[in-house]
Amino acid sequence: MKAAFYDRYGPADVVEIREIDRPEPGPDEVLVKVYATTVTTADWRIRASAFPGAFWLFGRLIYGLTVPKNNVLGSEFAGRVVAVGENVTRFRMGDEVFGMADRGAHAEYVAVSEDGAIAAKPASLTYEEAAAAPFGAIASLVFLRDFVRLEPGQRVLINGAAGGLGVYAVQIAKHFGAKVTAVTSTGNVDLVRGLGADHVIDYKREDFTENGVAYDLIFDPVGKTTFRQVRRALTPKGIYLPAEFGLREVFQSLRTSMTGGRKVVIGINDDKREDLEAVAALLASGEVRPVIDGTWPFTKIADAHRRVETRHKTGSVVVVVDQPTQVRLAA
0 MKAAFYDRYG PADVVEIREI DRPEPGPDEV LVKVYATTVT TADWRIRASA FPGAFWLFGR
60 LIYGLTVPKN NVLGSEFAGR VVAVGENVTR FRMGDEVFGM ADRGAHAEYV AVSEDGAIAA
120 KPASLTYEEA AAAPFGAIAS LVFLRDFVRL EPGQRVLING AAGGLGVYAV QIAKHFGAKV
180 TAVTSTGNVD LVRGLGADHV IDYKREDFTE NGVAYDLIFD PVGKTTFRQV RRALTPKGIY
240 LPAEFGLREV FQSLRTSMTG GRKVVIGIND DKREDLEAVA ALLASGEVRP VIDGTWPFTK
300 IADAHRRVET RHKTGSVVVV VDQPTQVRLA A
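In numbering that gives the first Met the number 0, the protein residues as written are 0 to 330.
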């Protein structure tokens, strides 16, 4: 099968399309024919070894100290089940699915545990739309529901509201009944307003930390702020929630957890089946919709990496691996 392969850390050019062996599903796995995948910020960071701050060595220890341990990146996928393991009961061959793989979704086929983050693709979505949703939607759901227990009526500011995580954070915060202020650039004001934001701030024209408005939660998915910068824009018991963090935020989280005032909350979400199914329901109902920055053919996946690396994408960068056709199901 064809896969986007890299065998060294570096710029986008290290990724190239190669022929490698097709994975075989284990007893509890399904084999998915991938029609669409995405390049995420995580893919860029792993490929370039661009782990933030003090986490560089930690990242290298996980993903490979001198060379990558796993040569095919990619987590989000949408496609069709073409083979099932002998113990699989949730899926059948031919099922349209989407979800998150541990790795290897930048390929024509990916093997995924049936108990992992894989679910039936909402019929109303294209494969490209379905592939764009899992990472940002699951992360937003877990951050807002579990890490800070967002409640109806709370005032929430989302910085970087047009990014791959931010577009879902706006919609899911509204789903929970919050009053949402979205911070974005001039060109994305209409987009985030259309996602349901109650108020939109163009950061090129206004600094939200200077306007005198206080928020119960400031969620920063893009790592462009610090607790010190946003502290005065928080209510007395407000929470600062950075999706990207370093040792500074770790220590701030520990310190503020022992006080009764403003807090820094950090966390890393797992990709769970139950959370993806909750996301699937929101997508199927139309309460949450995917946002796609653009689509790239599989042969141009290095260009998709370059787009992500600009850190100015809007929503998800989607890669079309193949077009849906009559698929030959594996025995």
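Yeah, the Cβ is synthetic: ideal placement off N, Cα and C, and Gly gets one too.
Which complete beta strand (DSSP E) runs does the segment 244 to 318 hold, if anything under 3 residues is left out? 291 to 296, all fully within the segment 244 to 318.
Would you decide whether M257 is buried or exposed? Buried here means 16 or more other CB atoms lie within 10 Å of its CB. So M257 counts as exposed.
Can you tell me whether V87 is buried or exposed? The criterion is at least 16 other CB atoms within 10 Å of its CB, across all chains shown. Flag for V87 reads buried.
Taking buried to mean at least 16 other C-beta atoms within 10 Å of its own C-beta, is P51 buried or exposed? By the Cβ neighbour-count rule, P51 is exposed, with fewer than 16 other Cβ atoms within 10 Å of its own.
What does L156 pair with, by DSSP beta-bridge criteria? Answer is T180, I217.
To which residues of the same chain is Q322 closer than 8 Å at the C-beta, ignoring the five residues directly before and after it? Here the set comprises Y34.
Helix or strand or just coil, what does DSSP make of L233? DSSP, reduced to helix, strand and coil, places L233 within a strand of the structure shown.
For Y8, the first and last residue of its enclosing alpha helix (DSSP H): For Y8, no alpha helix (DSSP H) segment is defined, and its DSSP state is neither H nor E.
Which of helix, strand or coil DSSP assigns to E107: Here E107 sits in coil by DSSP.
Should A122 be labelled buried (16 or more other beta-carbon atoms within 10 Å of its own) or exposed? Exposed, by the Cβ-count rule.
Determine, using beta carbons only, whether L164 and A138 come nearer to each other than 7 Å. In this structure, A138 lies closer than 7 Å to L164 by Cβ.
In this structure, what does DSSP give as the bridge partners for M99? When beta bridges are read from the DSSP output, M99 appears opposite E75.
Spatial distance of T65 from G9 (CA atoms): One C-alpha to the other measures close to 12 Å.
Based on DSSP bridge pairs, tell me the residues matched to L30. The partner list for L30 (beta bridge, DSSP) reads A82, A110.
Based on Cα-Cα distance, which residue from V96, A172, L246 lies nearest to I217? Among V96, A172, L246, the Cα nearest to that of I217 belongs to A172.
Roughly how many angstroms lie between the CA atoms of P22 and G73, to the nearest whole one? P22 and G73 have their C-alpha atoms roughly 15 Å apart.
Do you know whose CA, among K203, E209, F175, lies nearest A196's CA? Per the Cα distances, F175.
Where does A118 sit, in a helix, a strand or coil, going by DSSP? Reduced to three states, the DSSP call for A118 is strand.
Rounded to a whole number of angstroms, what is the C-alpha to C-alpha distance between H198 and R7? Each residue's Cα considered, the two are about 44 Å apart.
Under DSSP, the beta strand (DSSP E) around E127 begins and ends at which residues? Membership of E127 in any beta strand (DSSP E) is not indicated; the residue belongs instead to the alpha helix (DSSP H) covering 126 to 130.
Considering only their Cβ atoms, is the gap separating P241 from D219 smaller than 7 Å? Closer than 7 Å, so yes.
Which of the three DSSP states is assigned to K352 in this structure? What is shown of the chain runs 0 to 330, which leaves residue 352 out entirely.
So for D42, helix, strand or coil by DSSP? Reduced to three states, the DSSP call for D42 is helix.
Same chain only: Cβ atoms within 8 Å of M0, ignoring 5 sequence neighbours per side: Excluding the 5 residues flanking it on each side, M0 has same chain C-beta neighbours closer than 8 Å at E18, I19, D20, R21, A106, E107, Y108, in chain order.
Can you give the beta carbon distance from V147 to I238, rounded, assuming they're within the 8 Å contact cut? Yes, V147 and I238 are in contact; Cβ-Cβ is about 5 Å, under 8 Å.
In terms of DSSP beta bridges, what is T36 paired with? BP columns for T36 point to F76, V318.
Taking the straight line between their C-alpha atoms, what separation do you get for A100 and A301? Taking the straight line joining both Cα atoms gives about 20 Å.
With DSSP as the reference, please indicate the residues paired to D201 in a beta bridge. DSSP output for D201 lists T183 as bridge partner(s).
Using three-state DSSP, classify A330 as helix, strand or coil. At A330 the pLDDT is 47, less than 50, meaning the model places this residue with poor confidence and gives no usable figure here.
Any contact of the segment 278 to 288 with the segment 301 to 314, i.e. 3+ C-beta pairs under 8 Å? In short, these stretches do not touch, since the Cβ pair count stays below three.
Give the straight-line distance between the Cα atoms of D42 and H304, rounded to the nearest whole angstrom. The straight-line gap from Cα to Cα measures roughly 8 Å.
How long is the line joining the alpha carbons of A82 and D94, rounded to whole angstroms? Between A82 and D94, the alpha-carbon positions lie close to 10 Å from each other.
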